[in-house]
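Undergrad: Just so we're aligned, residue 28 is where the sequence shown starts under our numbering, counting upward by one.
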Amino acid sequence: MSNFLVLIVLEILITGTDGFIGNYLKQYLKSNGSEVFGTVFIREPLENEVKFDIRKTEEFDKLPKRQFEVIIHTIGLIDQTAPKKRLFEINAEGTKKMLDWAMKNGCQHFIQLSSISVYGFKTMGENRTEDRTKRSQGRLMVPYGPSKAKAEIYIEESGLNYSILRLPSVLGEKDTFISPSIIPRLKNGTFFFSGKKNDKLFSTLYVKNLGPIIKKLINVGPLNNAFNCTDYQITWYEFVEEFAKNLNIELIPRKKSFLTLLTHLKDKNYLYLLTNSYYGAHFPNDKLKEKIGFEPEYPWQEGVKEAINGYLLQTNGKKI
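1. So, is Thr150 buried or exposed, given that buried needs 16 or more other C-beta atoms within 10 angstroms?
2. Thinking C-alpha only, which one of Asn236, Leu187, Leu52 is nearest Leu250?
3. Just the C-alpha distance for Phe262 and Glu153, rounded to the nearest angstrom, thanks.
4. Rounded to whole angstroms, how far is the Cβ of Leu301 from the Cβ of Leu292, which I believe are closer than 8 Å?
5. Determine which residues share a DSSP beta bridge with His100 and list them.
6. In angstroms with no decimal places, state the Cα-to-Cα distance between Leu104 and Asn118.
7. Less than 8 Å between the CB atoms is what I'm expecting for Phe357 and Ile335, so what's the real figure, rounded?
8. Throw me the rounded Cβ distance for the Leu194 and Ser141 pair, which I believe falls under 8 Å.
9. Is the number of C-beta pairs between the stretch 63-73 and the stretch 126-144 that are closer than 8 Å three or more?
10. To the nearest angstrom, how far is it from the Cα of Val331 to the Cα of Asn236?
11. Starting from Ser206, trace the beta strand (DSSP E) in both directions and tell me its first and last residue.
12. Mind checking Ile69: buried by the 16 CB within 10 Å criterion, or exposed?
13. Can you tell me which of Gly65, Phe321, Asn59 puts its alpha carbon nearest to the alpha carbon of Lys243?
14. Give the straight-line distance between the Cα atoms of Tyr264 and Cys134, rounded to the nearest whole angstrom.
15. On the DSSP letters alone, give me the boundaries of the beta strand (DSSP E) that Thr66 sits inside.
16. Secondary structure at Glu179, three-state DSSP: helix, strand or coil?
17. If you follow the alpha helix (DSSP H) that Leu187 is in, where does it begin and where does it stop?
18. Specify, as a first and last residue, the run of the beta strand (DSSP E) that Thr262 falls within.
19. Measure the CB-CB distance between Ile48 and Ile138 and report whether it falls below 9 Å.
20. Over the uninterrupted alpha helix (DSSP H) stretch that includes Thr302, give me the two end residues.
21. Rounded to whole angstroms, what's the CA-CA distance from Val77 to Lys89? Just pull it up for me.
22. What residue range is occupied by the uninterrupted beta strand (DSSP E) comprising Phe229?
23. Would you give the residue range spanned by the beta strand (DSSP E) that Asn255 belongs to?
24. Could you check which residue in Ile191, Tyr189, Ser208, Ser190 has the C-alpha nearest to that of Leu198?
25. Hey, would you say Phe204 sits closer than 9 Å to Ser304, going by beta carbons?
26. Can you name, in chain order, every residue of its own chain whose Cβ lies under 7 Å from the Cβ of Ser29, other than the five neighbours on each side?
27. Tell me which residue opens and which closes the beta strand (DSSP E) that Glu76 is part of.
Written as structure tokens, this is what we have:
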């Protein structure tokens with residue numbers, strides 16, 4: 028049914044269209060009839076884009092002098108090893124600057140692409156629903172999560188109509204975290220699991236399912252609330268097994284103690300594998316589905332294949 032849903036909004040600003048998610052949303056919404064403007068930071072701007080540094084107030088003068096019905100904010104520093112000051116400067120204070128600009132320019136719907144990292148240590152585990160899992164700004168945490176949590180607070184206090192989508196690591200052709208964590212260890216025989224059983228639940232989000240979610244959200248209008256934004260609820264073992272199958276590699280369930288965390292505290296890819304297999308990473312999407320009537324259009328298995336091909340092309344120029 029969603030294929031026949033007409034997108035109401037004609038003019039949209041997406042921040043960070045040079046990023047994995049921002050670039051996909053730009054192409055998707057353009058193909059659905061919207062006029063999309065974007066900001067870039069790393070590469071040179073293309074048509075309807077401007078080079079933009081969200082940390083600098085004067086940079087906001089570069090943004091188009093028009094009223095956007097919707098602003099989709101995807102800019103964010105995701106390097107969890109970055110200094111705390113820089114993470115907050117971009118993820119929290121940068122968002123606040125964007126909110127101020129949006130308010131002055133009459134934005135009707137501010138859509139924030141946030142992160143499940145706002146749950147702090149509760150990011151690890153199963154059944155992490157929005158109502159039962161509190162947002163955390165704990166001092167002992169890696170500052171990435173608290174910086175995204177602070178951004179959410181700024182949004183809620185801004186006076187703008189908004190919707191906050193809390194994304195897990197996103198799966199797709201140019202994903203920056205899932206593929207680099209899983210594929211190299213499968214290929215070199217060092218992949219591992221932790222815990223007694225291989226049945227921990229895991230939530231996915233294939234980037235191609237994010238576009239239809241945004242499209243429905245725009246048509247429904249601001250929800251003035253925060254939502255887990257996932258598409259499928261499977262097991263971590265199923266997810267990894269699909270990678271192994273597509274790579275034609277036998278998945279041997281080697282085990283490592285959870286205590287190895289202590290010697291790998293700075294290895295984010297190792298920690299990703301360890302915590303997902305030991306605790307799970309399960310963020311039910313029932314609340315969002317109820318509000319916008321969302322059912323995923325694309326299977327997560329397709330996302331795995333796309334992610335593998337993207338990773339292999341980037342590393343050795345070949346597809347599976």
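Note that CB positions come from ideal geometry on N, CA and C, so glycine has one too.
TA: Result, derived from the coordinates:
1. Position 123 of the sequence shown, counted from the first residue, corresponds to residue 150. Burial call: buried.
2. Counted from its first residue, the sequence shown places residue 250 at position 223. The candidate whose alpha carbon is nearest that of Leu250 is Leu187.
3. Counted from its first residue, the sequence shown places residue 262 at position 235. Counted from its first residue, the sequence shown places residue 153 at position 126. Residue 262 is actually Thr in this sequence, not Phe. Rounded to whole angstroms, Thr262 to Glu153 spans 11 Å at the Cα level.
4. Along the sequence shown, one-based indexing puts residue 301 at 274. Along the sequence shown, one-based indexing puts residue 292 at 265. That belief does not hold up - the Cβ atoms of Leu301 and Leu292 are roughly 11 Å apart, past 8 Å.
5. For the purposes of this step, residue 100 is identified with residue 73 of the sequence shown, where counting begins at 1. DSSP lists Thr42, Gln139 as partners of His100.
6. Numbered from its first residue, the sequence shown carries residue 104 at position 77. Numbered from its first residue, the sequence shown carries residue 118 at position 91. Rounded to the nearest angstrom, the two C-alpha atoms are 6 Å apart.
7. The question about residue 357 has no answer here: the residues shown for the chain are numbered 28 through 347.
8. The residue given as residue 194 occupies position 167 in the sequence shown. The residue given as residue 141 occupies position 114 in the sequence shown. Going by Cβ atoms, the distance from Leu194 to Ser141 rounds to 7 Å, so yes, they are a contact pair.
9. no
10. As a working note, residue 331 is residue 304 in the sequence shown. As a working note, residue 236 is residue 209 in the sequence shown. Cα-Cα distance, rounded: 13 Å.
11. Counting from one through the sequence shown, the residue named residue 206 turns up at place 179. Unbroken run through Ser206 is the alpha helix (DSSP H), 205-215; no beta strand (DSSP E).
12. As a first step, residue 69 must be located in the sequence shown, where it is residue number 42. Exposed, by the Cβ-count rule.
13. What you label residue 243 is simply residue 216 of the sequence shown in a count that begins at 1. If we check each option's Cα against that of Lys243, Phe321 comes out closest.
14. Indexing the sequence shown from 1 puts residue 264 at position 237. Indexing the sequence shown from 1 puts residue 134 at position 107. Cα-Cα distance, rounded: 43 Å.
15. The residue given as residue 66 occupies position 39 in the sequence shown. 62-67 is the extent of the beta strand (DSSP E) around Thr66.
16. Along the sequence shown, one-based indexing puts residue 179 at 152. The answer is helix: DSSP assigns Glu179 an H, G or I state.
17. The count along the sequence shown starts at 1 and reaches residue 187 at position 160. Per DSSP, Leu187 belongs to no alpha helix (DSSP H) and is neither H nor E.
18. Numbered from 1 along the sequence shown, position 235 holds the residue referred to as residue 262. Here the beta strand (DSSP E) through Thr262 covers 259-262.
19. Here the question's residue 48 lines up with position 21 in the sequence shown. Here the question's residue 138 lines up with position 111 in the sequence shown. Going by C-beta atoms, Ile48 is not nearer than 9 Å to Ile138.
20. Here residue 302 is taken as the residue at index 275 of the sequence shown, counted from 1. 295-305 is the span of the alpha helix (DSSP H), which, as asked, contains Thr302.
21. Against the sequence shown, residue 77 aligns to sequence position 50. Against the sequence shown, residue 89 aligns to sequence position 62. So the two alpha carbons sit approximately 7 Å from each other.
22. What you label residue 229 is simply residue 202 of the sequence shown in a count that begins at 1. Run containing Phe229: 228-231, per the beta strand (DSSP E) assignment.
23. On the sequence shown, position 228 is the one that residue 255 refers to. Counting along the chain, the beta strand (DSSP E) containing Asn255 begins and ends at 253-255.
24. The residue you call residue 198 lines up with position 171 of the sequence shown. It is Ser208 whose Cα lies nearest to the Cα of Leu198.
25. Residue numbering aside, residue 204 sits at position 177 when the sequence shown is read from its first letter. Residue numbering aside, residue 304 sits at position 277 when the sequence shown is read from its first letter. The answer is no: Cβ separation not under 9 Å.
26. Mapped onto the sequence shown, residue 29 falls at position 2. Confidence in Ser29 is poor, its pLDDT being 44 and thus under 50, which makes the residue's placement too unreliable to answer from.
27. To locate residue 76, count along the sequence shown from 1; it is residue 49. Where Glu76 is concerned, the enclosing beta strand (DSSP E) stretches over 76-78.
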